[in-house]
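As given, the protein sequences belong to chains X and Y, one line each in that order. Quick note on the working numbering: the first sequence kicks off at 622 and runs consecutively. Quick note on the working numbering: the second sequence kicks off at 646 and runs consecutively. Worksheet: one structure, shown below.
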Amino acid sequence: MRFGILRFPGTWSDVDCHYAVSGVLGQDAEYVWHKDGSLDGFDCVILPGGFSYGDYLRPGAMARFSPVMDALYGFAESGRAVIGICNGFQILCESGLLPGALRANRQLEYRCQWTTLRVERADTLFTAACYAGQCLQVPISHGEGNYYADAGTLDALEREGRVLFRYCDSKGAATAEANPNGSANNIAGIINERGNVLGMMPHPERSCEELLGSADGALIFRSIIEYASPDSASPESASPESASRGKLQTSGRA
Amino acid sequence: MTYLAKIYVTLKPAVSDPAGQTVLAALRRMGHESAQDARIGKYLEIRISGDAPDSVKAAVDQMCRELLSNPVIEDYRFDLEEIATP
């Protein structure tokens, strides 16, 4: 698979994302500067974390006007995979590709910590290598990750099964204590109606191998690879039922 | 003509404002126990040229809707005044 990794002025997790998909998972990856107008040839586009345009006005508000965004709308429309992480999630919400908004953390603090995410569904492009109810160790690093949407939008997200990841405790319970930022319904990640655009505040690229404290984040990238290209040349690429899943599912967090 | 748009962007009433609550608590600790609520928003001044107030108003409205506020969480209002061209 070929991953395009968008770079805005102020993006900071681009190299980590590149390493996760190319270094750890052996896929092709290429950086795309925000002034480029084309996303041709990519199977998946990643909007990495950071502080695009210094988060001026609101996080993600300015990036929406970058030339590459016009190409991104077409890319998403074509059904190919888009994943926005942290600032990338904020950009997707600001651009209208995902509903809701990310507000300042409830505690008004920047939070950089491990979180446990409960996988709500395994039948999606982004979770095919997981199982429903699985707990993933993935870190957050943000000041504005408090997911907000009005009651009607939240109801629709829940009803349509579009909440993909929820902050939970070690037993998988989505408690108030396990919610690191005040997000509505403990929401850590959501997908669009069609299921090909994911936004999430936690950083899977920073938990993609044991050395980093957890390899669970790699499951999300591996899901995309497996689901989007079942005939991928990757030796471990296989159906979600494949035996190769076993070692990937093991939480590496000590 | 040159106009000055004074734009106020505020959180929607349904959206909680932890920063405003912190300010409110500080005001009360100062002795201003009569303070009932505090909400923090943004104030912007945009200098804009145009021939007629109506078209300028429409332009500022579009700016507010599409960039200066996030309609998911914020409301906006603005005042427009004619200023002497420098």
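Note that beta-carbon positions come from the ideal geometry of N, C-alpha and C, so glycine has one too.
Residue i Cβ short of 7 Å to the ligand HEM heavy atom set
i        : result
X/GLU798 : The ligand HEM is absent from the structure shown, which contains no ligands of any kind.
Sub-8 Å separation of residue i and residue j beta-carbons
i        : j        : result
X/ASN807 : X/GLY766 : no
X/GLY670 : X/CYS714 : no
X/PHE696 : X/ILE667 : no
X/ILE691 : X/GLY658 : Reading the sequence as shown, one finds Asp at residue 691 of chain X and not Ile. Yes; because the gap between Cβ atoms is below 8 Å, this pair is in contact.
Y/ALA650 : Y/PHE723 : yes
X/GLN728 : X/PRO760 : no
X/ARG815 : X/GLY700 : yes
X/ALA809 : X/PHE786 : yes
Y/ALA659 : Y/LEU669 : no
X/ARG876 : X/TRP654 : The structure shown does not extend to residue 876 of chain X, since chain X is modelled only from 622 to 875, so the question has no answer here.
X/GLY834 : X/SER828 : yes
X/ALA777 : X/ASP790 : no
X/LEU718 : X/ALA839 : no
Chain X contact residues for residue i, given Cβ-Cβ distances below 9 Å
i        : result
Y/ALA683 : Residues of chain X passing the Cβ test: none, with the nearest at roughly 14 Å.
Y/ALA664 : ALA725, LEU729
Y/THR615 : Any answer about residue 615 of chain Y is impossible in this case: the structure gives chain Y only from 646 up to 731.
Where residue i falls, given that 16 or more other Cβ within 10 Å makes a residue buried
i        : result
X/THR736 : buried
X/GLU781 : exposed
X/ASP837 : buried
X/LEU832 : exposed
Y/ALA729 : exposed
X/ALA797 : exposed
Y/ILE718 : buried
Y/GLU596 : The requested residue 596 of chain Y does not occur in the structure, where chain Y is confined to residues 646 to 731.
X/MET683 : buried
Y/ALA671 : exposed
Y/ILE685 : exposed
X/GLU651 : exposed
X/GLN758 : buried
X/GLU826 : buried
X/ALA772 : exposed
Y/SER679 : exposed
X/GLN648 : buried
Cross-chain neighbours of residue i in chain X, by beta carbon under 7 Å
i        : result
Y/VAL660 : TYR769
Under 7 Å from the C-beta of residue i: neighbouring residues of chain Y
i        : result
X/ARG908 : In the structure as shown, chain X begins at 622 and stops at 875. Residue 908 of chain X is therefore absent and cannot be evaluated.
Proximal chain Y residues relative to residue i, where beta-carbon distance stays under 8 Å
i        : result
X/ALA682 : LEU712, ASN715
X/ARG623 : Simply none; closest approach about 33 Å.
X/ARG679 : ASN715
May I ask you to list, following chain order, the residues of the region 709-723 of chain X that have a beta carbon less than 9 Å from some beta carbon of chain Y? CYS714, GLU715, PRO720, GLY721, ALA722
Which residues, in order along the region 708-729 of chain Y, keep a beta-carbon less than 8 Å from a beta-carbon of chain X? LEU712, LEU713, ASN715, VAL717, ILE718
Which runs of the alpha helix (DSSP H) spanning at least 4 residues fall entirely within the region 682-759 of chain X, listed in chain order? 689-698, 708-715
Name, going along the chain, the residues of the region 751-782 of chain X whose beta-carbon falls closer than 8 Å to a beta-carbon of chain Y. TYR769, ALA770, ASP771
Which runs of the beta strand (DSSP E) spanning at least 3 residues fall entirely within the region 683-707 of chain Y, listed in chain order? 687-694
Let me know the alpha helix (DSSP H) ranges lying completely inside the region 768-829 of chain X, each 4 residues or longer, listed in chain order. 772-780
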